[in-house]
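Colleague: Numbering (my numbering), first residue to last: 153 to 501.
Every residue gets a Cβ at the ideal spot worked out from N, C-alpha and C, and that includes glycine.
Can you keep this structure in mind? I'll have questions shortly.
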C-alpha cells in the first residue's frame, strides 16, 4: 500500500474505529473493530501496521481492512459501514446503551412468506392509523375529541320509557317497534324514541359505541385490514356476502359480523359519573399509599410493606416514577391467551 492510499484509508475510516475501552466487552479479544462493506478481512501484520492503532505483534485474528482501492469508500459505502459497525457493536456488548449510528431505521425487508406478509400489512396499517380513517361516526368522533362534561342525567320521561322498552325487548328492533306502536295507540301524545335514536342515547350514556366488521361465516377471520376488499374467506373460501341476496337484489348483505367496542368513549363516560370518577382515582391514591409505605420502611419504627396489589411491586413503582404518572392518566391492562408457536402443532402438551 502506498503512503497516499494509507492516508486516504485512515481519513475515510477514522469514524469506523471502535475503541475497546469505550465498551464493556463480552470477549477476551480487546482489538478495535473496523468494518466496511464488500471488503475482505485479512490478518497481515504489515497491513495492521499500515492501518495504525493495532498491535502488529498480536497474531491472533483481528478484523481489519484490506485490498482497498482508492475509489471504493464513497459516501454510500461509508454509511453502510456505519450500520455494519453498529451491528457488530450491539453483538459485542449488552450491558451499555450505545447511541445509534443511523438517524432513521431502515424499513424491514419485504416478506415473501404469506403469513409474514399479512402481518407486515397489518403493522403498516396500525402505524398509519388515525381517528379520521376510523369507522367511528361523526358524532362519536367529535365527542371523543371534545368530551362532554358533567354527569349523565336522563330526566325526560319519554326517554326513560324508551330505554326501559329497549332493555325489556332485549334490543330486538321488531319487538321494540311493536311495543312503541302499542303504547302510542293508547297514549298518542307520547314522544317515544325511534330504535335508532334510543341506541344513540344508550351509546351517549354508556360510552359503548359498537363498530361492526364483516367476518367469515366460519369465524376464520374478519374482513379488515388487508382483507377488507375481499369477497371470500382466504382460508375456507366461503363468500363474505349472502349469495341469495346478492343474486336477487344485488345487495351485499354480510353473512356474519363481529362487534368491537372502542375504549375511548367508555373511559370518558366513566369519568362523567360521580362513582366512576372516584373509582378512576384509585391508581392515584394507591401510588401515594405505596410511596408512604416505602418512606416508612426507612424509619426504624415504621410499618412493614403490605403487598395487596400489583401497584405495590417494584417494577410498577419504578415505571410510574419513570413516566411520571399523574391523576389524569388512565392505565389499561391487557390479558390475552397464550399463542401457538407452531402452525401444525397437534396438541398443547
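What's the gap between the Cα of residue 392 and the Cα of residue 442?
Modeller: Counted from its first residue, the chain shown places residue 392 at position 240. Counted from its first residue, the chain shown places residue 442 at position 290. Distance between the alpha carbons of residue 392 and residue 442 is about 53 Å.
Colleague: Thinking just about the alpha-carbon of each residue, which of 353, 439, 336, 325 is nearest to the one in residue 307?
Modeller: Taking the first residue of the chain shown as position 1, residue 307 is located at position 155. Comparing Cα-Cα distances from residue 307 to each of 353, 439, 336, 325, the minimum goes to 353.
Colleague: For residue 438, I'd like the list of residues in its chain whose CB is within less than 7 Å of its CB, leaving aside the five on either flank, ordered along the chain.
Modeller: For the purposes of this step, residue 438 is taken as residue 286 along the chain shown, with counting starting at 1. Excluding residues within five positions, the ones whose Cβ falls inside 7 Å are 461, 463.
Colleague: Near residue 292, what residues of its chain come up, given a Cβ to Cβ distance below 7 Å and the 5 sequence neighbours on each side ignored?
Modeller: Start at 1 with the first residue of the chain shown, and residue 292 comes out as number 140. 361, 417, listed in sequence order.
Colleague: Quick one: grab the DSSP three-state call for residue 410.
Modeller: Counting from one through the chain shown, the residue named residue 410 turns up at place 258. DSSP places residue 410 in strand when its eight states are reduced to three.
Colleague: DSSP three-state call for residue 384: helix, strand or coil?
Modeller: Residue mapping note: residue 384 aligns to position 232 of the chain shown, counting from 1. Residue state, collapsed to three classes: strand.
Colleague: Just the C-alpha distance for residue 480 and residue 424, rounded to the nearest angstrom, thanks.
Modeller: As a position in the chain shown, residue 480 is number 328, starting the count at 1. As a position in the chain shown, residue 424 is number 272, starting the count at 1. About 14 Å.
Colleague: Take residue 325 and list the residues in its own chain whose beta-carbon comes closer than 8 Å to its own, dropping the five residues that flank it on each side.
Modeller: Mapped onto the chain shown, residue 325 falls at position 173. These residues qualify, in order along the chain: 347.
Colleague: What three-state label does DSSP hand residue 365 in the structure shown?
Modeller: As a working note, residue 365 is residue 213 in the chain shown. It is a strand residue.
Colleague: Okay, do the region 357-372 and the region 281-296 touch, 3+ Cβ pairs below 8 Å being the bar?
Modeller: With a cut-off of 8 Å, the region 281-296 and the region 357-372 count as touching, because enough Cβ pairs lie within range.
Colleague: Whose C-alpha, out of 483, 491, 377, 484, is nearest the C-alpha of residue 271?
Modeller: Mapped onto the chain shown, residue 271 falls at position 119. Nearest C-alpha to residue 271: 377.
Colleague: Measure the C-alpha to C-alpha separation of residue 485 and residue 415 and round it to an integer number of angstroms.
Modeller: Start at 1 with the first residue of the chain shown, and residue 485 comes out as number 333. Start at 1 with the first residue of the chain shown, and residue 415 comes out as number 263. Approximately 12 Å, taken between the alpha carbons.
Colleague: For residue 372, collect the residues of the same chain with a Cβ closer than 7 Å to its Cβ; drop the 5 residues on either side in sequence, then sort them by chain order.
Modeller: Indexing the chain shown from 1 puts residue 372 at position 220. Contacts found: 385, 387, 388.
Colleague: Check the DSSP bridge columns for residue 391 and list the partner residues they point to.
Modeller: To locate residue 391, count along the chain shown from 1; it is residue 239. 384, per the DSSP bridge assignment.
Colleague: Would you mind working out which of 282, 412, 369 sits nearest residue 395, comparing C-alpha positions?
Modeller: Here residue 395 is taken as the residue at index 243 of the chain shown, counted from 1. Closest by alpha carbon: 369.
Colleague: By Cβ distance below 8 Å, which residues in the same chain neighbour residue 305 in space, the five residues on each side in sequence not counted?
Modeller: Stepping through the chain shown from its first residue, residue 305 is reached at position 153. Within the same chain, residue 305 has no close Cβ partners at all.
Colleague: Around the Cβ of residue 401, are there at least 16 other Cβ atoms within 10 angstroms (buried) or fewer (exposed)?
Modeller: Stepping through the chain shown from its first residue, residue 401 is reached at position 249. By the 10 Å Cβ count, residue 401 comes out exposed.
Colleague: Nearest by alpha-carbon distance to residue 421: which of 444, 357, 477, 278 is it?
Modeller: For the purposes of this step, residue 421 is taken as the residue at position 269 of the chain shown. Closest by alpha carbon: 357.
Colleague: Who are residue 374's beta bridge partners in DSSP?
Modeller: Counting from 1 along the chain shown, the entry for residue 374 is found at position 222. DSSP output for residue 374 lists 367 as bridge partner(s).
Colleague: May I ask you to report which of helix, strand or coil DSSP gives residue 301?
Modeller: Residue 301 sits at position 149 when you count from the first residue of the chain shown. The answer is coil: DSSP assigns residue 301 none of H, G, I, E or B.
Colleague: Is the beta carbon of residue 128 sitting closer than 8 Å to the one on residue 310?
Modeller: This structure cannot settle anything about residue 128, because the visible part of the chain is limited to 153 through 501.
Colleague: Within 10 Å of its beta-carbon, does residue 313 have 16 or more other beta-carbons around it, so buried, or fewer, so exposed?
Modeller: By one-based count along the chain shown, residue 313 stands at place 161. Buried, because 16 or more other Cβ atoms sit within 10 Å of the Cβ of residue 313.
Colleague: Excluding the five sequence neighbours on either side, which residues of its own chain have a C-beta within less than 7 Å of the C-beta of residue 302, listed in chain order?
Modeller: Counted from its first residue, the chain shown places residue 302 at position 150. Closer than 7 Å at the Cβ level, and outside the excluded window around residue 302, lie 424.
Colleague: Taking 8 Å as the limit between beta carbons, can you name the residues of its chain near residue 329, skipping five residues before and five after?
Modeller: On the chain shown, position 177 is the one that residue 329 refers to. Within the same chain, residue 329 has close Cβ partners 347.
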